[in-house]
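There are 2 protein chains.
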Amino acid sequence: MIGRYMKSTYKDVKSDLLSKITKGEWAPGDLIPNEVELATTYGCARATVNRAMRELADDGIIERRRKAGTRVRMTPVRQARFDISVVRDEITEKGGDYRYSLVSRTVDVAPDWLRARLQLPVDAKALHLVCMHYSDGVPYEHEDRWINLTALPDAADADFSNECPTEWLLATIPFSKAEINLSAELADQKLCDYLACSVGDPVFSVERSTWWEGDAVTYVRLSYRPGYRLTTRY
Amino acid sequence: MIGRYMKSTYKDVKSDLLSKITKGEWAPGDLIPNEVELATTYGCARATVNRAMRELADDGIIERRRKAGTRVRMTPVRQARFDISVVRDEITEKGGDYRYSLVSRTVDVAPDWLRARLQLPVDAKALHLVCMHYSDGVPYEHEDRWINLTALPDAADADFSNECPTEWLLATIPFSKAEINLSAELADQKLCDYLACSVGDPVFSVERSTWWEGDAVTYVRLSYRPGYRLTTRY
DNA sequence: TAGTGGTCTAGACCACAGG
DNA sequence: CTGTGGTCTAGACCACTAT
Chain A
397 MIGRYMKSTY KDVKSDLLSK ITKGEWAPGD LIPNEVELAT TYGCARATVN RAMRELADDG
457 IIERRRKAGT RVRMTPVRQA RFDISVVRDE ITEKGGDYRY SLVSRTVDVA PDWLRARLQL
517 PVDAKALHLV CMHYSDGVPY EHEDRWINLT ALPDAADADF SNECPTEWLL ATIPFSKAEI
577 NLSAELADQK LCDYLACSVG DPVFSVERST WWEGDAVTYV RLSYRPGYRL TTRY
Chain B
397 MIGRYMKSTY KDVKSDLLSK ITKGEWAPGD LIPNEVELAT TYGCARATVN RAMRELADDG
457 IIERRRKAGT RVRMTPVRQA RFDISVVRDE ITEKGGDYRY SLVSRTVDVA PDWLRARLQL
517 PVDAKALHLV CMHYSDGVPY EHEDRWINLT ALPDAADADF SNECPTEWLL ATIPFSKAEI
577 NLSAELADQK LCDYLACSVG DPVFSVERST WWEGDAVTYV RLSYRPGYRL TTRY
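Residue numbers (this note's numbering), protein chains in the order written: chain A, 397 to 630; chain B, 397 to 630.
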């Protein structure tokens, strides 16, 4: 047991505080002793307690306010994290054999719904790509992507027949802002042909709009083979 | 511009490093100067640089290894965080009027699939609850929940006719481990009756298994009204 | 205004892993 | 063995905000 005057690391402090909370010693809404008190309790510097509590706050376990002190959150752990990985990695990590295929590539004036979605000017040109990703030869993910050629003219010259646009984009604009939407959709005939499923099958769908340096860069809709699940733990 | 010998906060350092990365000054795989160098560059203490870089590492932007130094990650492992909130909050935050209703409540021997899923002993008793959540009187979410009575005998005495089991559980075992699965499903006749939709509609489904102090506590399957979307940004 | 968390510092020692 | 990040300290000042 960790008691008074025992030197503690920030991890010790963090896990001890957490166990006091999980065990119900401090209930939701309760006020936790302040940093100076805890520092004496745990026999460490205030900065050490601060780091432990800051991380608990980041994790959504506690709420901190100057002067008011630190309280256990009323509604705990509100966030689940999902890794947004590249399809290739997702498949190979599961031990599958990854294959990519470009279905079509056209340059068009951005359709109205896309212009609205990405706030593009009238007549904005966009590169429209349709691709498939296979795991062990079995359809895994259908990718329907639009790239804003005004913001990313280089995309017009890129060869997407061997490289998947996601990976090209990551190499080109590695760190961007994005908005993600998860939903359940129905497979239409066209999608079924690609995913080798039946019309009316439920399809897990991910939509992602991406901005870079304030400009809308790309919109993608990923449709997964029936049975796909996104999993996480906390 | 932030230059040499200007006092910087960890946020200054973090955002300057990040912009060097997003602007391509440092490409994926590149080695970043070490903490001591950056501290002189930014005119701050090493601890300040350390915090900035630690946060960038937590965010999946850079990779740090002792002796080897810090590099920009090859594949930015972006993590999307989704708010797993209580339905009541989710609905009221959108300005809806929340209503809860208990559909059924039975105590049963845990069915085989549940025992397998939660690793329960044979003959484990479970409380089976079916509930509905409405927004402005319109079906919003269907909740099908099992609570392990061996781990949580108190649940047998709880009154779920007015309090939703999620909220009761949060108050009882606030901080627990969970496994979450997101998927797309088809609505069957029974679900349709509850959600007021049509058989064959795609339904966004969340399954969550929860553990507390090593024991499986509850399994829940949430089915959302057609059209539901889970959204996040990064 | 006073109490609390937020941050910075200058220095120290340690842990790990590359060469 | 040595360079790097990981962590801790004791003290300081600042920034909020409840009262």
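By construction, the Cβ of each residue, glycine as well, lies at the ideal position given by its N, Cα and C atoms.
- Residue-level contact by beta carbon fails for B:K416 and chain A, as no gap is shorter than 8 Å.
- Inter-residue distance for A:S411 and A:R629 is about 18 Å (C-alpha atoms, whole angstroms).
- Around the Cβ of B:D589, a 10 Å sphere holds fewer than 16 other Cβ atoms; the residue is exposed.
- Note on A:M449: 16 or more other CB atoms within 10 angstroms of its CB, so buried under the neighbour-count rule.
- With fewer than three CB-CB distances shorter than 8 Å, the segment 533–547 of chain A does not count as touching the segment 454–468 of chain A.
- Across the structure, A:Y615 and B:V616 are spaced so that their CA atoms are roughly 33 Å apart.
- Taking the Cα positions, A:R442 is about 35 Å away from B:E575.
- In the three-state scheme derived from DSSP, where H, G and I count as helix and E and B as strand, B:E459 is classed as strand.
- When secondary structure is reduced to three states using DSSP, A:L413 falls in the helix class.
- Within chain B, the C-beta atoms nearer than 9 Å to that of A:L626 come from I576, N577, L578, S579, in chain order.
- Taking 9 Å as the upper bound on Cβ-Cβ separation, chain A lies near residues T471, P472, V473, R474, Q475, A476, R477, F478, D479, I480, S481, V482, D485 of the segment 471–499 of chain B.
- Between A:K410 and chain B, the shortest Cβ-Cβ separation is not below 8 Å.
- Between A:L434 and A:V445, the C-beta gap is smaller than 8 Å, which places the two residues in contact.
- Within the same chain, no residue comes within 7 Å of A:G610 by CB-CB distance, once the 5 residues on both sides are set aside.
- Annotation for B:I576: the continuous beta strand (DSSP E) segment containing it runs 573–582.
- By the 16-neighbour rule on beta-carbons within 10 angstroms, A:D555 is exposed.
- For A:T437, the enclosing alpha helix (DSSP H) covers residues 431–438.
- Our two residues, A:D454 and A:R460, have alpha carbons roughly 10 Å apart in a direct line.
- Within its own chain, the residues whose Cβ lies closer than 7 Å to the Cβ of B:S572, once the five positions on either side in sequence are excluded, are T606, W607, W608, V613, listed in chain order.
- If you draw a straight line from the Cα of A:V503 to the Cα of A:L510, it is about 14 Å long.
- Residues S601 of the same chain have their beta carbon placed closer than 7 Å to that of A:S579, with the five preceding and five following residues left out of the count.
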